[in-house]
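Quick note: the sequence shown uses this note's numbering, first residue -19, plus one each step.
Presented below is the structure to which this report refers.
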Amino acid sequence: MKNHTATPVASATDPQYRADIDGLRAIAVLAVVIYHAFPRQLQGGFVGVDIFFVISGYLITRIILKAQAENGFSLLDFYSRRIRRIFPALATVLICCLLFGWIFLLAGEYERLGVHAAAGAAYVSNVILMKEGGYFDVSAQQKPLLHLWSLAIEEQFYMVWPLLLILTHRLGAKALITIVVGAFVSFSLNIYFINTHPVETFYLPFTRAWELLAGAILAWLSLRGMEPGRWSWSVGNFHKYQPGTAKLANTISWIGLLLILVAVVGMKSSASFPGWLALIPVSGASLIILAGNDAWLNRIILSSRPAVFLGLISYPLYLWHWPLLSFGWIAEGREPTFAVRTILVAVAILLAWATYLFIEKPMRHAKLKRGDLRFPKFDMRGPAPGLFLLMLFIGGAGYAIHRHDGFPERSQETNRLASELGWDEYFQLVSRETSECLPISFRENAHKYKNEVLRCRQTVADESRHDIALVGDSHAEHLFWGLARHASRNTNVVYYTHSCFPFIGMIRLGMQECQRMEEALSYIAGSESIKVVVLSAFWQDRYVQTDFRLNLDQSVIDQDEVFRRGLRGTLDLLTSAGKDVIIVLDGPTLDFDPARCLRQMAFLPGKCSFRPDQSIENQKRYRSLIGEVLRSYPDVKLHDPMQQLCPGESCSVMMNGHFIYKDRSHLSTHASEHLGVALHQLIRDLH
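Structure below.
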């Protein structure tokens, strides 16, 4: 970035351009790109954003303080430069994302993209994303504009910071005092809120400003010639540019690089970031900038042509890389392969170079023609006003997409099928066709449980009699619609569901779910009307968890033994009470989002099948344990939906024009009805 002419404060040595800062940008953008593309290879690469914050704070504050020293700072000119610097590449990426989303995304996905595009155009992405969840959440992979949160923080900083420096200058106060006080307050807020409000601390400018203000301190020092390479060992007077040694500058720059490497290689995504941990990358970047462009590392490595090239395209590369990776994730319904991610990164670099060369650079250095109207150095006929209007248009387009629910009329058939994904259709059906209920023994104490009480629904409103009880977690719940749909008019089917095995005598460390489940099973065992009990759970997922213990003997930590005893105790309770028991196993679990099938129908027909081999392998252990226990309970029936869902060697995500799955493991209402027929046949056979 080019700066203004040299200020009198440091006229002897003040450089116009520091190539090493472009090299530092290269380190920052490579860290972020590698982290996003290959998170397991570089788990701390997200700190590249913190390096960017320091650089931005340094460059922007330096521009403002220099202009003030020359009595030539114009706020309008400043914002015009920011628009010409930031808007062209961002507008290009936003437009491409919206156009691609129109063709490729489902209505709900496109609606969310519209919200994020509008937020990105208005530079409030951090606020919107903060309300949706954390940066490190799995769902973040499916947000192509997630990365714009950092730009929002920078632009919010740019809106306030120049005004504060203008006020400081007019009051005759010291800029350094404003910078240091601001950094101290922001850092203190960061530390204070990191444990109680981690998501807000990550996304809000108040708790991030100290990172930009660290760069601002460096700008103040730089304009006074206070780089270590200019220090004098004999006098130590910072304001006399006496020949000093380069050893200190070299040492400082290498320490800075070491701190950055420690952060990039050693850190992991954490709810405690930024907090104290952010001091490591911020200090590292600060030390490298402080060392000056004469330090060996800065002069030879960071100022090398490859490093400078990556630094020059770092902004468009940052903008392009994440949408490509995110759309790749959405298209695959899972993490793309290593090879695909590598190709996407290469494409991002190519697009970044083209954006810099043909869009960003011409806009930044556009020449004004003689006679152009100006108002305090503000280019009224140049690109800034047009870019501002373009960004308003993009924001309006994003808002329109949101208001029109992602324009579902783009494909009626796709919209119909999309409605079968997720839980909305299920909840609409059961709310309309069945009744809410509460286990009788819980009624008096329901207020104590609040959200911990089991979810419960039944097919007949009369709670005085239940005939069939379905018990388990959400994998029991998704069977209820099929049981309800095919139940006879005088049969009352009830389900009790919570996040635990449907076992007695078991606890889950730190949680109450298993206690609620045991109360439900005890009530069922004592009920005279309930004749059949269906037990189901996401056995595969629950089994690999390690936080289950036996209530009466918590010293048993072997999960196989915990599982055996929990199942035996439950079967003893129910069979001794004269109940007919059916255990329903899991069907195959997808390793991709079934929503990808909607896209593949349009772009890659016939690609919506998969082999169940991996699911069978993952389920082998718990299936073996259940089979081992059931040898002692010959009257307990086992239902395996695998054959119904995968009649051949391969499985399809669809059946008779409907989705079988609503997500990666839960069955759709159509599949539930399909299994409900078989379950009722099995129940009839029991009698």
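C-beta atoms are modelled at their ideal positions from N, C-alpha and C, and glycine is treated no differently.
Owing to the predicted nature of the structure, the values given are computational and were not obtained by experimental measurement.
query                                                                                                                                                                        : result
Measure the alpha-carbon distance for G376 versus G113 and round it to whole angstroms.                                                                                      : 24 angstroms
Just to confirm my understanding: we take H219, look at its own chain, exclude 5 residues before and 5 after, and list those with CB closer than 6 angstroms. What are they? : Confidence at H219 is low in this model, with a pLDDT of 44, below 50, so its placement is unreliable and the value that follows should be read with caution. No residues qualify anywhere along the chain.
Do A98 and I159 count as a contact pair if the criterion is CB distance below 8 angstroms?                                                                                   : no
Measuring straight from C-alpha to C-alpha, what distance separates H667 and G308?                                                                                           : 52 angstroms
Cα separation between C577 and T569?                                                                                                                                         : 15 angstroms
Mapping the DSSP letters down to three states, classify I174 as helix, strand or coil.                                                                                       : coil
Go to K46, then tell me how far its alpha helix (DSSP H) extends in each direction, as first and last residue.                                                               : G28 to A49
With R188 and I133 assumed to form a contact (beta carbons below 8 angstroms), what rounded beta-carbon distance in angstroms separates them?                                : 5 angstroms
Along the chain, which unbroken stretches of the beta strand (DSSP E) at least 3 residues long are found entirely within the segment 437 to 503?                             : 448 to 452, 473 to 477 and 486 to 488
Comparing C-alpha positions only, which one of D615, L625 and L610 sits nearest to I596?                                                                                     : L625
For V12, tell me which candidate among R65, I240, V95 and G100 has the shortest Cα-Cα distance.                                                                              : I240
Does DSSP put S249 in a helix, in a strand, or in coil?                                                                                                                      : coil
According to the neighbour-count rule (16 or more other Cβ atoms, all chains shown, within 10 Å of its Cβ), is M139 buried or exposed?                                       : exposed
Between I374 and the rest of its own chain, which residues show a CB-CB distance below 7 angstroms, the 5 nearest in sequence each way excluded?                             : A71, L74, I75, A97 and A101
Based on the DSSP output, what are the partners of V671 in its beta bridges?                                                                                                 : The first residue shown for the chain is -19 and the last is 667, placing residue 671 beyond what the model contains.
F639 bridges to which residues according to DSSP?                                                                                                                            : M634
Establish whether the CB of Y172 and some CB of chain D are separated by less than 8 angstroms.                                                                              : The chain labelled as chain D is not found in the depicted structure, where only one protein chain is given.
Between the C-alpha atoms of T488 and V104, what's the straight-line distance to the nearest angstrom?                                                                       : The residue you asked about is not Thr; residue 488 is Arg in the sequence shown. Roughly 40 angstroms separates the two Cα atoms.
If we ignore side chains and look at the alpha-carbon of each, how far apart do S632 and C588 end up?                                                                        : 6 angstroms
Which of the three DSSP states, helix, strand or coil, is assigned to R204?                                                                                                  : coil
Give me the Cα-Cα distance between H654 and L79, rounded to the nearest whole angstrom.                                                                                      : 39 angstroms
Is R545 closer than 8 angstroms to L530 when the C-beta atoms are compared?                                                                                                  : yes
Can you look up F387 in the DSSP assignment and give me helix, strand or coil?                                                                                               : coil
Is the distance from the Cβ of I293 to the Cβ of W234 below 8 angstroms?                                                                                                     : no
Return the bridge partner residues of A416 from the DSSP annotation.                                                                                                         : Position check: residue 416 holds Glu in this sequence, whereas Ala was assumed. Answer is R437.
In three-state DSSP terms, what is E53?                                                                                                                                      : The sequence given here has Phe at residue 53, not Glu. Of the three classes helix, strand and coil, the one that applies to F53 here is coil, per DSSP.
Using 8 angstroms for Cβ pairs, my map puts N273 next to S283. What's the rounded Cβ distance?                                                                               : 7 angstroms
Span of the beta strand (DSSP E) holding K617?                                                                                                                               : K617 to H619
According to the neighbour-count rule (16 or more other Cβ atoms, all chains shown, within 10 Å of its Cβ), is V657 buried or exposed?                                       : exposed
Which same chain residues, not among the five before or five after A258, have their C-beta less than 7 angstroms away from its C-beta?                                       : D30 and E191
Between the segment 327 to 342 and the segment 39 to 55, can you find at least three pairs of beta-carbon atoms closer than 8 angstroms?                                     : no
Contact defined as beta carbons within less than 8 angstroms: I believe Q122 pairs with S249. What is the distance between those atoms, to the nearest angstrom?             : Not confirmed; about 17 angstroms, so no contact.
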